[in-house]
Amino acid sequence: MSTGKTSRDKHASNTNTKALLNIDQNHIWHPYSSIDGMQANYLVSSASGVRLTLSDGRQLIDGMASWWSAIHGYNHPQLNQAAQSQLAKMSHVMFGGLTHEAAIKLAQTLVNITPEGLNRVFFSDSGSVAVEVAIKMALQYWQARGNSKRTRILAFRKGYHGDTIGAMATCDPITGMHHIFNDILMKNIFAQAPECSFDEPWQESFFSDFELQFNANKDEIAAVIIEPIVQGTGGMNFYSPVFLRKLSEFCKANDVLLIADEIATGFGRTGKLFACEHAKISPDILCLGKALTGGYLSMAATLCSDAVAEQICSAAPGVFMHGPTFMANPLACAIAQCSIDLLLEDNILEGNALTRVAKIELQLKSELVKCRDLDCVKEVRVLGAIGVVELKQAVDMKIIQPMFVAQGLWVRPFGRLVYIMPPYITSKKDLSVLIDGIFQVLTQYQGTNLERACP
Ligand SMILES: *Cc1c(COP(=O)(O)O)cnc(C)c1O
Numbered sequence: 012m013s014t015g016k017t018s019r020d021k022h023a024s025n026t027n028t029k030a031l032l033n034i035d036q037n038h039i040w041h042p043y044s045s046i047d048g049m050q051a052n053y054l055v056s057s058a059s060g061v062r063l064t065l066s067d068g069r070q071l072i073d074g075m076a077s078w079w080s081a082i083h084g085y086n087h088p089q090l091n092q093a094a095q096s097q098l099a100k101m102s103h104v105m106f107g108g109l110t111h112e113a114a115i116k117l118a119q120t121l122v123n124i125t126p127e128g129l130n131r132v133f134f135s136d137s138g139s140v141a142v143e144v145a146i147k148m149a150l151q152y153w154q155a156r157g158n159s160k161r162t163r164i165l166a167f168r169k170g171y172h173g174d175t176i177g178a179m180a181t182c183d184p185i186t187g188m189h190h191i192f193n194d195i196l197m198k199n200i201f202a203q204a205p206e207c208s209f210d211e212p213w214q215e216s217f218f219s220d221f222e223l224q225f226n227a228n229k230d231e232i233a234a235v236i237i238e239p240i241v242q243g244t245g246g247m248n249f250y251s252p253v254f255l256r257k258l259s260e261f262c263k264a265n266d267v268l269l270i271a272d273e274i275a276t277g278f279g280r281t282g283k284l285f286a287c288e289h290a291k292i293s294p295d296i297l298c299l300g301k302a303l304t305g306g307y308l309s310m311a312a313t314l315c316s317d318a319v320a321e322q323i324c325s326a327a328p329g330v331f332m333h334g335p336t337f338m339a340n341p342l343a344c345a346i347a348q349c350s351i352d353l354l355l356e357d358n359i360l361e362g363n364a365l366t367r368v369a370k371i372e373l374q375l376k377s378e379l380v381k382c383r384d385l386d387c388v389k390e391v392r393v394l395g396a397i398g399v400v401e402l403k404q405a406v407d408m409k410i411i412q413p414m415f416v417a418q419g420l421w422v423r424p425f426g427r428l429v430y431i432m433p434p435y436i437t438s439k440k441d442l443s444v445l446i447d448g449i450f451q452v453l454t455q456y457q458g459t460n461l462e463r464a465c466p
C-alpha cells in the first residue's frame, strides 16, 4: 500500500473508485460483454514496467502485455520520449496529398525488417482494418487481372483475423460469429486447422484437407489467409513450419495470393522477429498490428509485394480503394519506430529483445510444465514468449479472475485456455512469480471446483 495515506484518503479513493465503476457499468461496453452485470471490476490507475497499479494501490504483474502489444512494458522512458518529441511537432496531419518523416522512416524500417519482397506499406488504425485492407487488396488484384470470379478467401478453422465484417468472415466458422451474421458475410472456404504441432515430424496427410478444399474451389479463390505458426485467439495452437512452407509453395505454384496475418505473432513474440521466418517464407501480403507501437497506440499496417501493388494500380480505377482518416498517424508512427529500435537494439549484457524472448521461452519450458501435474490440466505448451496451459474444461471467469488478482497477477483466461504472453522485459524473478501464481491459482481453482462438483 502506498505510504502516507490516511484512512480518510483511502476512504475517499474507495468511494471514488466505486463511483467510477458505477458509471462504467451504466454506460460503457467492454470487449465481448453484456451490459448486464459488472463487465470490468478493476480500475487501473497507472502502469509501469510489467506492473499495473489498481486504484486501491494493489499492484499486479501483467502476464498479458495488454493482448500481445506492450512488449517493452508500460510507461517506457524511451517510448514516452518518442511520443513527446513527436507531439511537440504534430500529433496528426492528414495523409491524403501530404506526408511526413515519421511515416517515411517507419515504412522504410518495416520494408527492411519484414520478409523479402514486401515493399509497399499501407498504414491503418487497427488489426481488423489491416485484414480488411489485405482482403480488399486481394480482391482488387484479381479484378485488375480481369478475373471477376476470384472473390473468396480460403481460411483455416480455429483461425482468428478480427471483428469487422470482412475479417470476421475469415474467422473460424463455428467459434467465430458466423452463425449470427451468416446472411451478410462473404462466403469463404475453410480448411482444417493445421494439425501438426510445432515440433512434430511432417506427414503429407497433414496437408490433404487444405488441398482438397483448395482444389474443390480453385477458380473462386482470391487468396489464402493464415496466422503463421501460432493460431492465437482461436485456440493458441502452435503448428509446424513445414505446413507454412508447403502452403507458401502451393500458393505460388497455383497462382493464388498468400496473406500472412502476423498481427499477434509479429515483432518477436514467437522467438523470431516475424513468425514467417520459422518457415523462411515471404507472403504476398502481410498484416501487422498489436505490438507495432509497443502497446502505446492503435495502429496497424498491411504490406504487399510490388507485383500485387502494380497489378492493383494497372487497371481501373487505377488506385487502391481505401484511405482512413487517421492513416499513418504521426504520433503512432514515431512511437512504432522507437519500439522497433528498442526491439533490435543490442544491449551488451542482455543481447537484444529476441535473446530475452529466448530466455523467457526456456524459463517457461522449465517452470510452466509443473502445471502438467494438476488434474484439471490437459496440456502445457510453450513457444517463444507464449505460455499456454490448456485445461480439460472451460474456466469460470467469475471465480478464477479474482483468484489471479488476489495472487497479484493479471492473467485473463478464455475458455479452456490459461495463457500468458508477458512483456519481453519481464525479469526472471517476476516470471517465476507469474508462473508460480498460475500454478497456485489452478491448484486452488480445481479445489473449489471439486467442492462444487461433489458437495
Ligand atoms: C488481434 C488480432 C486481429 C485484430 O486486431 P484488432 O486490433 O483487435 O482489430 C487480427 N488478427 C489477429 C491474428 C489478431 O491476433
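Under the working numbering, the first residue of the sequence shown carries the number 12, and numbering increases by one thereafter. Ideal Cβ placement from N, Cα and C applies to all residues, glycine included. This structure is a prediction, so every number in the text was calculated from the model and none was measured.
Burial state of residue i (16 or more Cβ within 10 Å)
| i | result |
| --- | --- |
| Lys301 | buried |
| Lys291 | exposed |
| Arg19 | exposed |
| Gly157 | exposed |
| Asn27 | exposed |
| Asn248 | buried |
| His3 | A query on residue 3 cannot be resolved here, the shown segment of the chain reaching from 12 to 466 and no further. |
| Met49 | exposed |
| Glu356 | exposed |
| Cys465 | With a pLDDT of only 47 at Cys465, under 50, the local geometry of the prediction cannot be trusted, and the value read off the model is given with reservation. Exposed is the call here. |
| Ala51 | exposed |
| Met332 | exposed |
| Thr459 | exposed |
| Pro341 | buried |
| Ile34 | exposed |
| Trp40 | exposed |
| Met12 | Caution applies to Met12, whose pLDDT of 46 falls short of 50 and renders its modelled position unreliable; the value that the coordinates give is listed next. It is exposed - the Cβ of Met12 has fewer than 16 other Cβ atoms within 10 Å. |
| Glu260 | exposed |
| Leu223 | exposed |
| Glu321 | exposed |
| Ala275 | buried |
| Leu373 | exposed |
| Asn199 | buried |
| Lys257 | buried |
Residues bridged to residue i (per DSSP)
| i | result |
| --- | --- |
| Tyr430 | Val399 |
| Ala152 | Here residue 152 is Tyr; the residue named in the question, Ala, does not match the sequence. DSSP output for Tyr152 lists no bridge partner at all. |
| Ser135 | Ala311 |
| Ala234 | Ile164 and Leu268 |
| Asp73 | Trp421 |
| Ala202 | Phe167 |
| Ser208 | Tyr250 |
| Leu129 | Ser316 |
| Tyr85 | Gly60 |
| Asn123 | Beta-bridge pairing links Asn123 to no other residue. |
| Val241 | Phe249 |
| Asn358 | Gly362 |
Test item: CB-CB of residue i and residue j under 8 Å
| i | j | result |
| --- | --- | --- |
| Thr125 | Glu231 | no |
| Ala264 | Pro239 | no |
| Ile296 | Ala149 | yes |
| Leu121 | Val104 | no |
| Ala396 | Arg427 | no |
| Gly173 | Met179 | yes |
| Pro205 | Tyr250 | yes |
| Ala364 | Tyr456 | no |
| Gln97 | Ala113 | yes |
| Ala145 | Ala312 | no |
| Gly398 | Leu375 | yes |
| Asp183 | Gln203 | no |
| Arg62 | Asp73 | yes |
| Ile410 | Met75 | no |
| Leu284 | Phe278 | yes |
| Ala1 | Gly305 | Since the first residue of the chain shown is 12 and the last is 466, residue 1 is not available in this structure. |
| Val235 | Leu165 | yes |
| Gly107 | Gly334 | yes |
| Gly246 | Val368 | no |
| Glu378 | Ser443 | yes |
| Pro433 | Ile359 | no |
| Val452 | Phe415 | yes |
Residue i: CB within 7 Å of a non-hydrogen atom of ligand 3
| i | result |
| --- | --- |
| His333 | Among the ligands present in this structure, namely ligand 1, ligand 3 is not found. |
Those residues, in chain order, that have a beta-carbon closer than 7 Å to some heavy atom of ligand 1: Trp78, Trp79, Ser137, Gly138, Ser139, Val140, Val142, Tyr171, His172, Gly173, Asp174, Ala178, Glu238, Gly243, Thr244, Asp272, Ile274, Ala275, Cys298, Gly300, Lys301, Ser309 and Ala311
Ignoring anything shorter than 3 residues, give me the beta strand (DSSP E) runs that lie fully in the segment 362 to 422, in order along the chain. 388 to 394 and 397 to 402
Considering only residues of the segment 16 to 64, which uninterrupted beta strand (DSSP E) runs meet the minimum length of 3 residues and lie entirely inside it, listed in chain order? 55 to 59
To test your reading of the DSSP string, which unbroken alpha helix (DSSP H) runs of 4 or more residues are found completely within the segment 250 to 338? 252 to 264 and 317 to 324
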